[in-house]
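Okay, so the sequence shown: first residue is 1090 according to the working numbering, each after it adds one. Glycine is no exception: its CB is placed at the ideal position from the N, C-alpha and C atoms. Right, one structure below, let's go through it.
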Amino acid sequence: MSQPDYSHLLSVKHIGAIAQVRITRPNKRNALNEDLVMAIKACFESMPESVKAIVLYGEGDHFCAGLDLSEVSAHTVPQSVLHSRMWHAAFEYVQFGRAPVIAVLHGAVVGGGFELASAAHIRVAEESAFYALPEGKRGLFVGGGGSVRISRLIGVARMSDLMLTGRVLNAQEGHQIGISQYSVGNGQGLAKAMELAESIATNAAMTNYGVMHMLPRIADQSIQDGLATESLMAAVAQTDPATLDLLAQFLQGKKNKVQFKPS
């Protein structure tokens, strides 16, 4: 059975060990419909082993304006639950997939788009970015994992404010509360994300795996369980052949010495 063609929704470009994934619905502000969510799942699920870092961004003036309300149809409660779980499955592959994901945020990062962005590991925001969770004003509730990921990113109180009031945050406000880790000028996000991706791609694969897959789980564990899991992950990473090679290069003074470079 042939796979559906999602090329009109997502564009994937490979540059060395980096994959650039571009959402290509600019006429809809890159809003998420069912086909696009399925395309994201298929793309990240099938990412080749050669990819060591992924840059996710939107074509046109916006990252993603959230759920495409023009395609919303009436659902029963079971259908709505399964629809939400389909989003969860797709975004799980972003957060817990093949390689770390750097999202470039510009223009609208709203509703489901905010949920998608929160599944990335690093977020680079341009000055044009703005954030909102308008579900509360539309009789809806987040269904793409936002109650878990966004609440952990900015805190329950801030998320409650956004949902209850419809408040819109600009790029600076979002950066101040931790939505983005990097803040750049308009048009500079992709270059910054590629710079980060190139650095991340040189890390030991087991270390990147630990940061992606184990760190968020450790954060959800009790202190003692988290410490035990950390010890196991540290032992696995430390004995990985790639780690031994990186440590040898460091000890020889060739690589990765910690230096402060004023910005």
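Residue environment: His1151 is assigned as buried (16 or more neighbouring CB atoms within 10 Å of its CB, all protein chains considered). Nearest in C-alpha terms to Val1257, of all of Ala1293, His1210, Asp1334, Phe1203, is Phe1203. Here Ser1269 is buried. Its C-beta has 16 or more other C-beta atoms within 10 Å. A straight line joining the alpha-carbon of Val1126 with that of Gln1341 spans about 47 angstroms. The alpha-carbon of Ile1129 is positioned some 11 angstroms away from that of Asn1122.
Comparing alpha carbon positions, the residue from Pro1137, Ala1246, Ala1293 closest to Ala1326 is Ala1293. The way I'd put it, the region 1205-1220 does touch the region 1176-1185; three or more beta-carbon pairs between them come closer than 8 angstroms. Contact between Val1144 and Ala1290 fails: their C-beta atoms lie close to 11 angstroms from each other, not under 8 angstroms. For Arg1174, the number of other beta carbons within 10 angstroms of its own is below 16, and it is reported as exposed. Leu1205 and Glu1216 have their C-alpha atoms some 19 angstroms from each other. Between the region 1238-1247 and the region 1186-1197, the count of Cβ pairs shorter than 8 angstroms is below three; the stretches do not touch. In the same chain as Asp1250, and ignoring 5 residues on each side of it, the C-beta atoms closer than 8 angstroms to its own belong to Arg1256, in chain order.
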